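Note that the working numbering has the sequence shown beginning at 7, numbered continuously upward.
Yeah, the Cβ is synthetic: ideal placement off N, Cα and C, and Gly gets one too.
Note that the structure is predicted; figures quoted are calculated from it, not measured.
Please read the structure below before turning to the comments.
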Amino acid sequence: MAIADAGGTINGKKVEFVFADHQNKADIAANKAREWFDRDGVDMLVGGVNSAASLAMGKVAGEKKKVFISVGAGTTRQTNEECNAYTVQYAYDTTALARGTGAAITKQGGKSWYFVTADYAFGTSLEKDTSDVVKAGGGTVVGQVRAPLATSDFSSFLLQAQASKAQILGLAVAGGDVINAIKAANEFGVNKTMKLAGLLIFITDTHSLGLQVTQGMYLTDGWYWDMNDQSRAWGNRYFGKMKKMPTMFQAGDASAVGQYLKAVKAVGSTDADKVMDYLRKNKINDFFTSNGVVRPDGRMVHDMYLMEVKKPSESKRPWDYYKLVQTIPGDQAYMTKAESKCSLWK
7 MAIADAGGTI
17 NGKKVEFVFA
27 DHQNKADIAA
37 NKAREWFDRD
47 GVDMLVGGVN
57 SAASLAMGKV
67 AGEKKKVFIS
77 VGAGTTRQTN
87 EECNAYTVQY
97 AYDTTALARG
107 TGAAITKQGG
117 KSWYFVTADY
127 AFGTSLEKDT
137 SDVVKAGGGT
147 VVGQVRAPLA
157 TSDFSSFLLQ
167 AQASKAQILG
177 LAVAGGDVIN
187 AIKAANEFGV
197 NKTMKLAGLL
207 IFITDTHSLG
217 LQVTQGMYLT
227 DGWYWDMNDQ
237 SRAWGNRYFG
247 KMKKMPTMFQ
257 AGDASAVGQY
267 LKAVKAVGST
277 DADKVMDYLR
287 KNKINDFFTS
297 NGVVRPDGRM
307 VHDMYLMEVK
317 KPSESKRPWD
327 YYKLVQTIPG
337 DQAYMTKAES
347 KCSLWK
């Protein structure tokens, strides 16, 4: 969609799109990135779902001096300890999720937490960032358990959580895992004794689970299709093609590609240094965000949104699932310069 919107050619050159599945494995992601850069002449990578895979892609992009825009990975290491001059982190990160959902629930009295955490870079990053927010708000973390990627049976993890007597069950898992965890929490009645905090929930997860199960749940998102006229127009275009509404990942991918192509056209080149310089100097205004800024560490700073899932009676039409509780300004959502360990932002 972004390539079509850009006209299909930039500065007289056809825009080519290639894709691959890294299977959530860092070595496959790194090898494919290296192959594309060295053999196939690829100029830019976008995507990067799975934090370990994204970190591996970022490392290769830094070595090869090629642009990488990470949309799907949440780990703050991407633009913190492992930052480089050619990587942008676009849609969200675990700090922003924690400062949205974690802070809101703690402020409302959810002081004791137990985490079910994905056993890879994203999960550990999200647990740490949320724990920091909970403790800063006067709360405590009474325990945690690590769940492998693609866990089908969450019963033992949830029973451990329930036995902890914590008020809040922090679900630091994503995708199919969060769906399975929430289903199991309802099945075993865990949701009757603990409030569920979905720390990364997509609208497609909400759709799959249904409002009866997810109503009242807080979540933090970087984009929602029904926010304004621009987001609705783009969301409905996507729906026309895919028969489902986009998450912040699909919207972020399209926005990132659109902004990259805009930069290439403006500088008249795919030279990564020139493109990155343009991206840092020019604010991002499109259907995804208003006045987005790419910082020296590569973090694209934009507002985040604390949402509450609607009751079935409040939803007026399909995919009308969220109500806005709070807009979290970008300068409050993400890691600050004082907190950063990125050598490029000192």
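Annotation: residue 13 to residue 202 spans about 45 Å, alpha carbon to alpha carbon.
A residue is called buried when at least 16 other Cβ atoms come within 10 angstroms of its Cβ; residue 129 meets this threshold and is buried. Shown here for residue 29: not one same chain residue has a beta carbon closer than 6 Å to its own, the five before and five after excluded. In the three-state reduction of the DSSP assignment, residue 84 falls in the helix class.
The C-beta separation of residue 340 from residue 102 comes to about 6 Å, placing the pair in contact by the 8 Å criterion. Annotation for residue 279: no residue places its beta carbon closer than 7 Å to its own, counting only its chain and skipping 5 residues before and after.
When beta bridges are read from the DSSP output, residue 147 appears opposite 119. For residue 166, the secondary structure class from DSSP, reduced to helix, strand or coil, is helix. Using a C-beta cut-off of 8 Å, the stretch 204-212 makes contact with the stretch 167-179, since at least three inter-stretch Cβ pairs fall below that distance. The shortest C-alpha to C-alpha distance from residue 319 to any of 218, 261, 162 and 138 is the one to 218.
Judged by DSSP in its simplified three-state form, residue 255 adopts helix. Between residue 220 and residue 311 a beta carbon distance of about 16 Å is seen, past the 8 Å cut, so the two are scored as non-contacting. Rounded to whole angstroms, residue 95 and residue 76 show a C-alpha spacing of 5 Å. In the three-state reduction of the DSSP assignment, residue 207 falls in the coil class. Using a 10 angstroms sphere on the CB of residue 150, the tally of other CB atoms reaches 16 or more, which defines it as buried. The DSSP assignment places 57-70 as complete runs of the alpha helix (DSSP H) inside the stretch 43-87, in order along the chain (cut-off: 4 residues).
DSSP, read as helix, strand or coil, puts residue 226 in strand.
Looking at the DSSP output, residue 19 sits in a beta bridge with 16.
For the pair residue 286 and residue 85, the CB atoms are not nearer than the 7 Å cut-off. In this structure, residue 164 places its C-beta atom within 7 Å of the C-beta atom of residue 194. By the Cβ test, the stretch 106-124 is not in contact with the stretch 37-48, since fewer than three Cβ pairs between them sit closer than 8 Å.
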